[in-house]
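A.B. asks: My questions all concern the structure below.
Number of protein chains: 2
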Amino acid sequence: MVKRTSFEGDACPIARSLDALGDWWSLLIIREALFGLRRFGEFQNKLGMARNILAVRLRALVDHGILATAPASDGSAYQEYVLTPKGRGTFPILVALRQWSEEFDDRPEEIATVLVDREKGRPVKKLELRAADGRLLTPAETMVKPRPAPRRRSA
Amino acid sequence: MVKRTSFEGDACPIARSLDALGDWWSLLIIREALFGLRRFGEFQNKLGMARNILAVRLRALVDHGILATAPASDGSAYQEYVLTPKGRGTFPILVALRQWSEEFDDRPEEIATVLVDREKGRPVKKLELRAADGRLLTPAETMVKPRPAPRRRSA
DNA sequence: TTGTGTGGTTGCATCATAAAACCGAATGCC
DNA sequence: GGCATTCGGTTTTATGATGCAACCACACAA
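Residue numbers (the working numbering), protein chains in the order written: chain A, 1 to 155; chain B, 1001 to 1155.
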């Protein structure tokens, strides 16, 4: 996407997230990583993407602290890519994307899988946004405020 | 990005969402639309993006049923772009992106805003994933299952 | 030593992107 | 009505990210 207008310096947290995750492949790589994939070849086989692009993406994700390279694991002297806590923290994003598709896709019958809780095997609930006191919030009931000052003990 | 490997036919709901939302600008346009922007020029000013790209993105979002064009509203004979229910349904995705940035960004002090509930003015809670019975779920406590058969009244 | 599989990198053609010029229609000003 | 300006895009052009395939380096095996 040409010069890509990096959002890195932007003050909007959404833009900042998109700067790390907002390309066509990164979230899918993370999805597979959450699923347990670790090796270059595994990602390449599963996603069917070009290997050079995969290499670039993996390096970018490592640079962003989303993946880390582990020296090895199964004997073979190659390296693996494992999710960091930051990487695992994208889980709600993936769930939100999944649920949006489930709810609004024009051809929901083409969706092959559902997300269930492992223990009971039943579909998970929709993500919901709640206020600090637990009230359910619609978008209209929210607003953004300037970030409160750095709060240096000033009470 | 050349031929862009459209995910439209993919069975993964995440890929399907990314097909509609997964470029650099669409989610930011939607963010501004949720914020109340409606006019071409408003988007262009606020986002500072190239106008041709904005035009392409707006048309794509309309084609995807995320935005709709309204004939006018404030007298001037121009058109507006308003969110459809499908478009408003992206709200959790944006919240998830925001919260991920808030939690994991390397320079959180550069984030300018917080999302609060309008009534109390207090920051919202983190999105949380719960099982059907209300248990909080971690990623590891979930799994994906093949979609149950179309369920044609078969009990 | 040769062979094979993994894990990438390098070239190259193509196409999406970004920036700016351009353009018609609508609006404002007189 | 005439003229300039703004709005809402489209066109043009340069750039560079993408996808594909070929290539390379290394590990391991025979």
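Ideal placement from N, C-alpha and C gives every residue a C-beta, glycine not left out.
All of these numbers come straight from a predicted model, not from anything done at the bench.
#1: With 16 other CB atoms within 10 Å as the buried threshold, where does E102(A) fall?
#2: Just to confirm the assignment, what range does the beta strand (DSSP E) spanning E119(A) have?
#3: Please state whether the Cβ-Cβ distance between K1120(B) and A140(A) is less than 8 Å.
#4: Smallest Cα separation from L1129(B): which of A1033(B), I1014(B), P1108(B) and A1096(B)?
#5: I'd like the span of the beta strand (DSSP E) that includes K1145(B), first residue to last.
#6: What residues in the stretch 92-115 of chain A have a beta carbon less than 8 Å from any beta carbon of chain B?
#7: Which residues in chain A sit within 9 Å of K1145(B), going by Cβ to Cβ distance?
#8: Using a cut-off of 8 Å between C-beta atoms, extract the partners of G22(A) located in chain B.
#9: Would you identify the three-state DSSP class for A1077(B), choosing helix, strand or coil?
#10: I'd like the list of long-range same chain contacts for R1088(B), defined as Cβ closer than 8 Å, with 5 residues on each side in sequence excluded.
#11: For G41(A) and L47(A), what's the separation of their Cα atoms in angstroms?
#12: When you compare the CB of E141(A) with every CB in chain B, is at least one pair closer than 8 Å?
#13: Going by C-alpha distance, which of G134(A), V116(A), D105(A) and A15(A) is nearest D1133(B)?
#14: Give me the chain A residues within the contact set of A1011(B), using Cβ-Cβ distance strictly less than 9 Å, ordered along the chain.
#15: Flag S17(A) as yes if its beta-carbon sits less than 8 Å from any beta-carbon of chain B, otherwise no.
#16: If you measure from the beta carbon of L136(A) to each beta carbon in chain B, is any gap under 8 Å?
#17: Apply the 10 Å Cβ neighbour rule to A1020(B) and answer buried if 16 or more other Cβ atoms are within range, or exposed otherwise.
C.D. replies: Well, looking at it:
#1: buried
#2: Segment: none, E119(A) is in no beta strand (DSSP E) and carries neither H nor E.
#3: no
#4: Ranked by Cα distance from L1129(B), the options A1033(B), I1014(B), P1108(B) and A1096(B) are led by A1096(B).
#5: Bounds of the beta strand (DSSP E) holding K1145(B) are T1142 to P1146.
#6: P92, I93, L94, V95, A96, L97, R98, Q99, W100, S101, E102, E103, F104, D105, D106, E109, E110, I111, A112, T113, V114 and L115
#7: Going along chain A in sequence order, the residues near K1145(B) (Cβ under 9 Å) are T113, V114, L115, V116, G121 and P123.
#8: G1022, D1023, W1024 and L1027
#9: coil
#10: Closer than 8 Å at Cβ, skipping near neighbours: L1034.
#11: 10 Å
#12: yes
#13: For D1133(B), the nearest C-alpha among the options comes from V116(A).
#14: E110, I111, A112 and T113
#15: yes
#16: At a cut-off of 8 Å, the C-beta of L136(A) has no neighbouring C-beta in chain B.
#17: buried
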